[in-house]
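Just so we're aligned, residue 1 is where the sequence shown starts under UniProt numbering, counting upward by one.
All residues carry an ideal CB built from backbone N, CA and C; glycine is no exception.
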Amino acid sequence: MKKYYQIIGGLFFLGLLICGIGYFNRGFQTIGTNNGQGPLVVLKNNPRRIQRTLTTTKQFTTADITIKNTQLVVKPGPQLKAEFTSKQYVQVAVRDHQLQIIQKQYPNQVNEVHLRAPQDRSPVQYSRLVITIPPKQTLAALKLKADNCRLSFQNVAVNKLVLDNTNSQADWHQVSIIRQAQINDSDCRYQLDNCRLVAPKFDLNDAHLQIQHSQLTNLDLNANTITLKILATALGQDNLIKANDLQLTLEDLNPDLSINTSGHLDIIHNHQPKRRQLQQNNSSINFLDIHSDDGQLKLQGG
């Protein structure tokens with residue numbers, strides 16, 4: 001009888017172990033690896049994912065968000081609200097007036113079935129996160145970490161912004177950053193239109209950035225490789241652009257801006273090459289220092 005109970009107990013423990021493995025792998029088990037044409041992953045007990053929408057209307061003044069493969073939209077709305085639609089595993093909560101959103105990845109989780117070579121994989125299926133903020137309300141702080149995301153900010157005000165992005169695209173329209181913006185990004189594309197940024201600090205690698213019809217104060221931009229266009233924009237006080245490889249276009253900036261260049265830049269001013277670097281005008285109150293080890297500056301107007 002004692003041996004009988006030992007067998008039953010052993011089977012019960014084994015069942016718990018199997019259930020635990022299944023939970024952390026979400027029912028996925030790899031039983032094949034290669035078909036000679038590229039990676040092949042065969043999944044056992046792979047239920048179809050259900051798309052879910054998580055919503056919160058609890059009051060928050062700050063936000064801490066970590067997302068991947070997601071379309072993020074921050075825009076005005078009648079109430080403070082966050083709505084996340086995804087097939088991924090997501091946590092949405094408000095704690096101590098802070099909105100917290102995290103996309104979770106379980107250990108050893110297999111996300112896709114690949115029956116073709118990597119170059120033939122289907123397009124990424126994006127999740128969608130929409131945050132609405134009442135028009136007269138300012139978000140005190142936003143911390144965002146995004147990987148392969150599409151970010152849209154429309155007609156919103158943020159006191160302090162911290163972005164850590166990889167391989168993402170961002171469109172800002174009528175965005176106000178009141179105190180400070182810290183943007184760290186690699187392989188990114190940014191489009192800023194009609195924005196007001198105070199003390200924006202960019203640390204970029206392999207970036208494409210266009211700023212137009214905007215107002216920037218104390219811009220500090222450091223980049224490895226960047227294509228940058230600043231069009232019909234006012235730069236106030238002390239501004240710095242520094243890069244290893246810079247392709248820069250400046251058009252119709254504020255006429256009281258004094259520009260100083262250094263390094264190895266080919267300068268084209270109003271379609272005419274210039275042999276000398278641009279020198280700072282000390283009588284001005286607004287300055288832009290540009291330094292690049294290699295690249296080109298196209299300056300139109302002024």
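Check, Outcome
"Which first and last residues belong to the beta strand (DSSP E) in which Asp-238 is found?", "238-251"
"Would you say the region 219-231 touches the region 261-277, given that touching needs at least three Cβ pairs under 8 angstroms?", "no"
"Considering only the beta carbon of each residue, do Leu-246 and Ser-292 sit closer than 8 angstroms?", "yes"
"Using the Cβ count rule (16 or more neighbours within 10 Å means buried), how would you classify Thr-70?", "buried"
"Excluding sequence positions up to five away, which residues of its chain have a Cβ less than 6 angstroms from the Cβ of Leu-142?", "Ala-63, Val-158, Leu-161"
"Within 10 angstroms of its Cβ, does Ile-50 collect 16 or more other Cβ (buried), or is it exposed?", "exposed"
"Evaluate the contact criterion for the region 262-272 versus the region 206-220: three or more CB pairs, one atom per stretch, below 8 angstroms.", "no"
"Given a threshold of 16 other Cβ atoms within 10 Å of its Cβ, counted over all protein chains shown, does Ser-262 qualify as buried or as exposed?", "exposed"
"Roughly how far, in whole angstroms, is the beta-carbon of Ser-127 from the beta-carbon of Phe-84, given that I think they are within contact range, below 8 angstroms?", "7 angstroms"
"Report all residues from its chain with a CB closer than 6 angstroms to the CB of Leu-209; omit the five preceding and five following residues, and keep chain order.", "Tyr-190, Leu-228"
"Return the residue from the list Ile-133, Thr-166, Gln-169 that minimises the CA-CA distance to Leu-99.", "Ile-133"
"Leaving out five residues on either side along the sequence, give the residues of the same chain with a beta carbon under 7 angstroms from the beta carbon of Val-92.", "Leu-54, Thr-56, Ala-82, Phe-84, Ile-101"
"Indicate the three-state DSSP secondary structure (helix, strand or coil) for Lys-87 in the structure shown.", "coil"
"To the nearest angstrom, how far is it from the Cα of Ala-140 to the Cα of Lys-87?", "30 angstroms"
"Starting from Lys-136, follow the beta strand (DSSP E) in both directions and report where the run begins and ends.", "Run containing Lys-136: none; DSSP gives neither H nor E here."
"Is Tyr-126 helix, strand or coil when you go by DSSP?", "coil"
"Quick check on the burial criterion: 16 or more other C-beta atoms within 10 angstroms. Buried or exposed for Asn-270?", "exposed"
"Pick from Ala-181, Ile-259, Ser-168, Asn-155: whose alpha carbon is nearest that of Phe-202?", "Ala-181"
"Which full runs of the beta strand (DSSP E) of 3+ residues lie inside the region 176-216, going along the chain?", "176-193, 196-198, 200-212"
"For the ligand SAH, any of its heavy atoms closer than 7 angstroms to the Cβ of Gly-236?", "Questions concerning the ligand SAH fall outside what the structure shown contains, since it holds no ligand whatsoever."
"In angstroms with no decimal places, state the Cα-to-Cα distance between Lys-242 and Cys-188.", "17 angstroms"
"What's the gap between the Cα of residue 366 and the Cα of Leu-231?", "Shown here, the chain extends from 1 to 302; a query on residue 366 therefore has no answer."
"Kindly indicate which residue of Thr-66, Ile-177, Leu-72 has the alpha-carbon position closest to the one of Val-90.", "Thr-66"
"Going by other Cβ atoms of all chains shown within 10 Å of its Cβ, with 16 needed for buried, is Arg-116 buried or exposed?", "With a pLDDT of 35 at Arg-116, under the threshold of 50, the modelled position of that residue is not reliable, and no figure is offered here."
"Among residues of its own chain, excluding the 5 on either side of Ala-199, which ones have a beta-carbon nearer than 6 angstroms to its beta-carbon?", "Gln-180, Asn-218"
"Distance check for Asp-147 and Asn-108, CA to CA, integer angstroms please.", "Residue confidence is low: Asn-108 scores 44 on pLDDT, short of 50, so the model does not pin down where it sits. No coordinate-derived value is stated."
"Mark Gly-301 as exposed unless 16 or more other C-beta atoms lie within 10 angstroms of its C-beta, in which case mark it buried.", "exposed"
"In three-state DSSP terms, what is Thr-166?", "strand"
"Quick one: what does DSSP say Ile-230 is sitting in, helix, strand or coil?", "strand"
"Kindly indicate which three-state DSSP category Asp-294 falls into: helix, strand or coil?", "strand"
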